[in-house]
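Beneath this line is the structure, given in structure tokens, with notes to follow.
Protein chains: 2
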Amino acid sequence: MNELDERKIKILTAIIENYLETGEPVGSRTISKYSDLNLSSATIRNEMSDLEELGYILQPHTSAGRIPSDKGYRLYVDSLMQQKESEVAELKTLMIERQDKMESVLKQIARVLAANTNYAAMITAPQYHQNKVKFIQLSQVDSTHILAVIVIEGNIVKNKIFSVAERLTSETLFRLNFLLNTNLNGLSLEQITLGTIAQMKEQAGVHSDVVSHVIDAVAEAIREDNDMEVYTSGATNIFKYPELSDQARASELISAFEEKQQLLSLAQKSLENTSETGIQVYIGNESPVKNMKDCSVVTATYDLGGGMQGTIGIIGPKRMDYENVVDTLKTLMKQLDTLLGDK
Amino acid sequence: MNELDERKIKILTAIIENYLETGEPVGSRTISKYSDLNLSSATIRNEMSDLEELGYILQPHTSAGRIPSDKGYRLYVDSLMQQKESEVAELKTLMIERQDKMESVLKQIARVLAANTNYAAMITAPQYHQNKVKFIQLSQVDSTHILAVIVIEGNIVKNKIFSVAERLTSETLFRLNFLLNTNLNGLSLEQITLGTIAQMKEQAGVHSDVVSHVIDAVAEAIREDNDMEVYTSGATNIFKYPELSDQARASELISAFEEKQQLLSLAQKSLENTSETGIQVYIGNESPVKNMKDCSVVTATYDLGGGMQGTIGIIGPKRMDYENVVDTLKTLMKQLDTLLGDK
DNA sequence: TGTTAGCACTCCTTCAAAACGAGTGCTAAC
DNA sequence: GTTAGCACTCGTTTTGAAGGAGTGCTAACA
Numbered sequence: 001m002n003e004l005d006e007r008k009i010k011i012l013t014a015i016i017e018n019y020l021e022t023g024e025p026v027g028s029r030t031i032s033k034y035s036d037l038n039l040s041s042a043t044i045r046n047e048m049s050d051l052e053e054l055g056y057i058l059q060p061h062t063s064a065g066r067i068p069s070d071k072g073y074r075l076y077v078d079s080l081m082q083q084k085e086s087e088v089a090e091l092k093t094l095m096i097e098r099q100d101k102m103e104s105v106l107k108q109i110a111r112v113l114a115a116n117t118n119y120a121a122m123i124t125a126p127q128y129h130q131n132k133v134k135f136i137q138l139s140q141v142d143s144t145h146i147l148a149v150i151v152i153e154g155n156i157v158k159n160k161i162f163s164v165a166e167r168l169t170s171e172t173l174f175r176l177n178f179l180l181n182t183n184l185n186g187l188s189l190e191q192i193t194l195g196t197i198a199q200m201k202e203q204a205g206v207h208s209d210v211v212s213h214v215i216d217a218v219a220e221a222i223r224e225d226n227d228m229e230v231y232t233s234g235a236t237n238i239f240k241y242p243e244l245s246d247q248a249r250a251s252e253l254i255s256a257f258e259e260k261q262q263l264l265s266l267a268q269k270s271l272e273n274t275s276e277t278g279i280q281v282y283i284g285n286e287s288p289v290k291n292m293k294d295c296s297v298v299t300a301t302y303d304l305g306g307g308m309q310g311t312i313g314i315i316g317p318k319r320m321d322y323e324n325v326v327d328t329l330k331t332l333m334k335q336l337d338t339l340l341g342d343k
Numbered sequence: 344m345n346e347l348d349e350r351k352i353k354i355l356t357a358i359i360e361n362y363l364e365t366g367e368p369v370g371s372r373t374i375s376k377y378s379d380l381n382l383s384s385a386t387i388r389n390e391m392s393d394l395e396e397l398g399y400i401l402q403p404h405t406s407a408g409r410i411p412s413d414k415g416y417r418l419y420v421d422s423l424m425q426q427k428e429s430e431v432a433e434l435k436t437l438m439i440e441r442q443d444k445m446e447s448v449l450k451q452i453a454r455v456l457a458a459n460t461n462y463a464a465m466i467t468a469p470q471y472h473q474n475k476v477k478f479i480q481l482s483q484v485d486s487t488h489i490l491a492v493i494v495i496e497g498n499i500v501k502n503k504i505f506s507v508a509e510r511l512t513s514e515t516l517f518r519l520n521f522l523l524n525t526n527l528n529g530l531s532l533e534q535i536t537l538g539t540i541a542q543m544k545e546q547a548g549v550h551s552d553v554v555s556h557v558i559d560a561v562a563e564a565i566r567e568d569n570d571m572e573v574y575t576s577g578a579t580n581i582f583k584y585p586e587l588s589d590q591a592r593a594s595e596l597i598s599a600f601e602e603k604q605q606l607l608s609l610a611q612k613s614l615e616n617t618s619e620t621g622i623q624v625y626i627g628n629e630s631p632v633k634n635m636k637d638c639s640v641v642t643a644t645y646d647l648g649g650g651m652q653g654t655i656g657i658i659g660p661k662r663m664d665y666e667n668v669v670d671t672l673k674t675l676m677k678q679l680d681t682l683l684g685d686k
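Residue numbers (the numbering used here), protein chains in the order written: chain A, 1 to 343; chain B, 344 to 686.
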């Protein structure tokens, strides 16, 4: 049996769209008046009764109107996505360096997104996969400290300062630099074996501790990307939606924003599931972050080439203006290209 | 005329302490019963009437008890501070490096503070004054990109990657490194004159553009500290205090936490005003951040020597447990020493 | 003169009942 | 299959009364 005939879909859509606007349960009369179906409220009531039985809408209490269930939203969003699917495919880009500027650009994006949509926004810095060491440089910064600079693919730079017992001669430094670069360049974390390390330590002789420090730093540099920064903005927008702004819910949500760890796991999840369009929607309990069970989350994955990808997210009430959000995210991707893609 | 006699002070203190506990307006009867003054509620009422006229307490409405005014809190806090003043003087310390660890330590501190006090906490990374360049290193990371690493006093490391038209020979790099280090080391931003720069460019010949980039990077490195990071935790604790958790106030407060800029200006202010104890209290409208007009803010300045100082802040309701917060901050300072001071 | 008991008064809070109204389900007629 | 109509449900708002905490004032007391 085909669960939903065309009329039911029209009615369901009308209910959802109306609810998106008002945030109030919507009654049969409203639909009868404001849809182009020309049906009486009684007929609508019958259909609504069916829709409820099928689980697409629900009634907060007897004698209230109906609101969409997660299942209902899901149907709505899926069909919306289909319409837009084609446009996004060609958005992929690549970009370069400017890590220092990256941070402020990302913050800016989050701010713009939040302001434009009136929802809360988050954005993660690109996460790098299969990072390879590109360049290592040791320098003596003062009599007892060595600075190790590690550049990894994508021109991400990490530093580490560590102590040494006594000043190294410049020949020693040169030798160590050469040793490290010839052995490590082009390797990813997985490719650096204990064998390689042991061999390098042997060659470094009395300075094997320096090698250890550098290996540590490399591991840290490559791994650290995994708990990379996430920037948020507009968290207070949730107060604009009564269904989210009671004390308990607001507190839960705000704390999700504060504990960036949770947002990161959301981003992570979203990277894993990535769809063709790069855009995903989590409705209510579908969200990987349990604190957001009363919200919807729309995520977009941006891919800058070279395995550098990050996540943008919009968090809002279930009655989010999905269409607008999806469009905004797409437009944004384009701007991202312009901003980050050239110099 | 001496505004307050001893009895009035006792009564005021009793009112404040009672209000700190309960968060409810306190009436004359309560004071009469729970203070050691052995006065009837009627007498207390007379005194309270005086105290109100003097502006130390106020009545939310007729037939409610009294609550402390900002002026009242101020008196209470000031006398509290006097008692503790002596202890803190010797807390100053110095510390070194480990910039990479710094971030996680700071976050950790914010979290601990928020959890211990049940208020919201913030902490800024140390801000450096009169920074001097310690060491500069240029390296060729690939055929068209140069990495400039700048180490400034306090072992803070900044990087910048920029493009060059063609690969530089290693002699050229060596020469430029030597040029930059001999000319810039030991100088602060103010000490780098246009004359110095012109001279260096001349010596650099065709590579004068590299010098420009490095100068840019140095300026950025030193200045960037001024909009340094601030970490927060426990923002949601404000929901524990009914007088702060109505929608309007909560939203205002949370947005102050999100807009780190505001917190930074708070930290800045607190650095400027620094008192002998390093601890300051802003009550209500005294706060430099207007969004916090319904809160109190306790800030502590930590000084790691070498002009490196930062700010720790606790943000909570006006009926904050000042005594406990001040103590906690002091204990924390000690732990900070242990954590950052060695290694 | 300072302290206290007593009392009338204010005004917030709580509670329950009543009025309201939005929306439904069902039935009967078209 | 559609619709009008009506009784009914149930959340929300309004209203008024009761309760209670706390005050200010006055008069008496030490």
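Every residue, glycine too, gets a C-beta built ideally from N, C-alpha and C. In this text the structure is predicted, and so the values were computed from the model without any measurement.
- Message: Suppose contacts are defined by Cβ-Cβ distances below 8 Å. Is Lys318 (chain A) in contact with Ser296 (chain A) by that definition?
- Response: Locating residue 318 (chain A) in the first sequence gives position 318, counting from the first residue. Locating residue 296 (chain A) in the first sequence gives position 296, counting from the first residue. Yes, the Cβ-Cβ distance between Lys318 (chain A) and Ser296 (chain A) is below 8 Å.
- Message: Please tell me whether Gln108 (chain A) has its Cβ less than 8 Å away from any Cβ of chain B.
- Response: Here residue 108 (chain A) corresponds to residue number 108 of the first sequence, with the count starting at 1. Taking CB atoms only, Gln108 (chain A) has no neighbour in chain B less than 8 Å away.
- For Glu563 (chain B), I'd like the list of residues in its chain whose CB is within less than 8 Å of its CB, leaving aside the five on either flank, ordered along the chain. As a working mapping, residue 563 (chain B) is identified with position 220 in the second sequence. So the qualifying residues of the chain are Lys501 and Lys503.
- Taking 8 Å as the CB-CB cut-off, is Asn131 (chain A) touching chain B? Looking up residue 131 (chain A) in the first sequence gives position 131. It does not: the Cβ of Asn131 (chain A) has no partner Cβ on chain B nearer than 8 Å.
- Task: Please say whether Lys8 (chain A) and Leu51 (chain A) have beta carbons closer to each other than 8 Å?
- Result: The residue labelled residue 51 (chain A) in the question sits at position 51 within the first sequence. The residue labelled residue 8 (chain A) in the question sits at position 8 within the first sequence. Against a cut-off of 8 Å, the Cβ pair of Lys8 (chain A) and Leu51 (chain A) comes out as a contact.
- Message: Let me make sure I understand the geometry here. Which of B:Asp589, B:Pro585, B:Tyr584 and B:Lys583 has the alpha-carbon closest to that of Pro242 (chain A)?
- Response: As a working mapping, residue 242 (chain A) is identified with position 242 in the first sequence. The residue with the shortest Cα to Cα distance from Pro242 (chain A) is B:Asp589.
- Query: Helix, strand or coil: which one does DSSP assign to Leu266 (chain A)?
  - Reply: To locate residue 266 (chain A), count along the first sequence from 1; it is residue 266. In the structure shown, Leu266 (chain A) falls within a helical segment according to DSSP collapsed to helix, strand and coil.
- Message: So within the segment 543-573 of chain B, which uninterrupted alpha helix (DSSP H) runs reach at least 4 residues, ignoring any that extend past its ends?
- Response: 551-567
- When you compare each of B:Val553, B:Glu364, B:Met391 and B:Ser531 to Arg333 (chain B) by their alpha carbons, which one comes out closest? This structure cannot speak to residue 333 (chain B), because chain B is shown only from 344 to 686.
- According to the Cβ coordinates, are Ala121 (chain A) and Thr236 (chain A) closer than 8 Å? Sequence index remark: in the first sequence, residue 121 (chain A) carries index 121 (1-based). Sequence index remark: in the first sequence, residue 236 (chain A) carries index 236 (1-based). Not in contact: Ala121 (chain A) and Thr236 (chain A) (Cβ atoms no closer than 8 Å).
- Task: Return the residue from the list B:Asn628, B:Tyr665 and B:Ile655 that minimises the CA-CA distance to Asp413 (chain B).
- Result: Position 70 of the second sequence, counted from the start, is the residue given in the question as residue 413 (chain B). Of the candidates B:Asn628, B:Tyr665 and B:Ile655, the one whose C-alpha sits nearest the C-alpha of Asp413 (chain B) is B:Asn628.
- Message: To be precise: take each residue of the segment 590-611 of chain B, compare its Cβ to all Cβ atoms of chain A, and keep it if any distance is under 7 Å. Which residues remain?
- Response: Gln590, Ala593, Ser594, Ile597, Ser598 and Glu601
- Query: Considering only the beta carbon of each residue, do Leu80 (chain A) and Tyr322 (chain A) sit closer than 8 Å?
  - Reply: The residue given as residue 80 (chain A) occupies position 80 in the first sequence. The residue given as residue 322 (chain A) occupies position 322 in the first sequence. Going by C-beta atoms, Leu80 (chain A) is nearer than 8 Å to Tyr322 (chain A).
- Using CA coordinates, which residue listed in B:Leu537, B:Gln623, B:Gly659 and B:Gln534 is at the minimum distance from Arg592 (chain B)? Position 249 of the second sequence holds residue 592 (chain B). The residue with the shortest Cα to Cα distance from Arg592 (chain B) is B:Gly659.
- Query: Roughly how many angstroms separate the alpha carbons of Arg175 (chain A) and Ile222 (chain A), rounded to a whole number?
  - Reply: Your numbering for residue 175 (chain A) matches position 175 in the first sequence. Your numbering for residue 222 (chain A) matches position 222 in the first sequence. Approximately 24 Å between the Cα atoms of the pair.
- Taking Cβ-Cβ distances below 7 Å as the criterion, which residues of the segment 3-19 of chain A are in contact with chain B? Hits within the stretch: zero.
- Task: Could you work out which residues of chain B lie near Thr232 (chain A), taking near to mean beta carbons separated by less than 8 Å?
- Result: Numbered from 1 along the first sequence, position 232 holds the residue referred to as residue 232 (chain A). What Thr232 (chain A) touches in chain B: Glu601.
- Task: Just the chain A side, please: which residues come within less than 8 Å of Gln470 (chain B) by C-beta, in chain order?
- Result: Here residue 470 (chain B) corresponds to residue number 127 of the second sequence, with the count starting at 1. Within chain A, no residue comes near Gln470 (chain B); the closest Cβ sits about 18 Å away, beyond 8 Å.
- For Thr62 (chain A), which three-state DSSP category applies? Here residue 62 (chain A) refers to the residue found at position 62 of the first sequence. It is coil, neither helix nor strand.
- Query: Ser608 (chain B) and Asn634 (chain B): beta carbons closer than 8 Å?
  - Reply: For the purposes of this step, residue 608 (chain B) is taken as residue 265 along the second sequence, with counting starting at 1. For the purposes of this step, residue 634 (chain B) is taken as residue 291 along the second sequence, with counting starting at 1. Contact: no.
- DSSP state of Tyr119 (chain A) mapped onto helix, strand, coil: Mapped onto the first sequence, residue 119 (chain A) falls at position 119. It is coil, neither helix nor strand.
- Could you tell me whether any Cβ in chain A is nearer than 8 Å to the Cβ of Ala385 (chain B)? Taking the first residue of the second sequence as 1, we reach residue 385 (chain B) at position 42. Ala385 (chain B) does not count as touching chain A.
- Three-state secondary structure (DSSP) at Ile192 (chain A)? In the first sequence, the residue the question calls residue 192 (chain A) occupies position 192. Ile192 (chain A): coil per DSSP, three-state reduction.
- Over what stretch of residues does the alpha helix (DSSP H) that includes Ile9 (chain A) continue unbroken? Against the first sequence, residue 9 (chain A) aligns to sequence position 9. Glu6 to Thr22 is the extent of the alpha helix (DSSP H) around Ile9 (chain A).
- Task: Could you tell me whether the Cβ of Ser139 (chain A) comes closer than 8 Å to any Cβ of chain B?
- Result: The sequence position of residue 139 (chain A) within the first sequence is 139, counting from 1. At least one CB of chain B lies nearer than 8 Å to the CB of Ser139 (chain A).
- Identify which residue in B:Ile374, B:Thr405 and B:Asn461 has its Cα closest to the Cα of Asn667 (chain B). One-based indexing of the second sequence puts residue 667 (chain B) at position 324. It is B:Asn461 whose Cα lies nearest to the Cα of Asn667 (chain B).
- Leu94 (chain A) at chain B interface by Cβ criterion, 8 Å: Here residue 94 (chain A) refers to the residue found at position 94 when the first sequence is read from its first residue. In this predicted model, Leu94 (chain A) has a pLDDT of only 28, less than 50, meaning its place in the structure is not dependable enough to derive any value.
- How about Ala560 (chain B) and Ala508 (chain B): are their beta carbons less than 8 Å apart? If you number the second sequence from 1, residue 560 (chain B) lands on position 217. If you number the second sequence from 1, residue 508 (chain B) lands on position 165. Cβ distance not < 8 Å, so Ala560 (chain B) and Ala508 (chain B) don't count as in contact.
- Task: Between the Cα of Asn131 (chain A) and those of A:Ile146, A:Ile192, A:Thr124 and A:Leu113, spot the shortest distance and give me the residue it belongs to.
- Result: Residue mapping note: residue 131 (chain A) aligns to position 131 of the first sequence, counting from 1. Ranking A:Ile146, A:Ile192, A:Thr124 and A:Leu113 by Cα distance to Asn131 (chain A) puts A:Ile192 first.
- Item | Nearest to Ser163 (chain A) (by Cα), restricted to the options B:Asn498, B:Leu606, B:Thr512 and B:Phe505 | If you number the first sequence from 1, residue 163 (chain A) lands on position 163. Minimum Cα distance to Ser163 (chain A) is reached at B:Asn498.
- Message: Between which two residues does the beta strand (DSSP E) holding Thr654 (chain B) run?
- Response: Working through the second sequence from its first residue, we reach residue 654 (chain B) at position 311. Where Thr654 (chain B) is concerned, the enclosing beta strand (DSSP E) stretches over Met651 to Pro660.
- Message: As a quick exercise: from B:Phe478, B:Ile479 and B:Gln483, pick the residue whose alpha carbon is nearest that of Phe135 (chain A).
- Response: Locating residue 135 (chain A) in the first sequence gives position 135, counting from the first residue. Of the candidates B:Phe478, B:Ile479 and B:Gln483, the one whose C-alpha sits nearest the C-alpha of Phe135 (chain A) is B:Gln483.
- Reduced DSSP category for Tyr645 (chain B) - H, G, I as helix; E, B as strand; rest coil: In the second sequence, counting from the first residue as 1, residue 645 (chain B) sits at position 302. Three-state result, Tyr645 (chain B): strand.
- Nearest to Gly313 (chain A) by alpha carbon, out of A:Arg66, A:Val281 and A:Glu259? On the first sequence, position 313 is the one that residue 313 (chain A) refers to. Considering only alpha carbons, the answer is A:Val281.
- Task: Say whether chain B places a C-beta atom closer than 8 Å to the C-beta of Glu87 (chain A).
- Result: Here residue 87 (chain A) refers to the residue found at position 87 of the first sequence. Confidence is the limiting factor: at Glu87 (chain A) the pLDDT is only 41, short of 50, which leaves the residue's position unreliable, though a coordinate-based value still follows. Any Cβ of chain B closer than 8 Å to the Cβ of Glu87 (chain A) would place that residue at the interface, and such an atom is absent.
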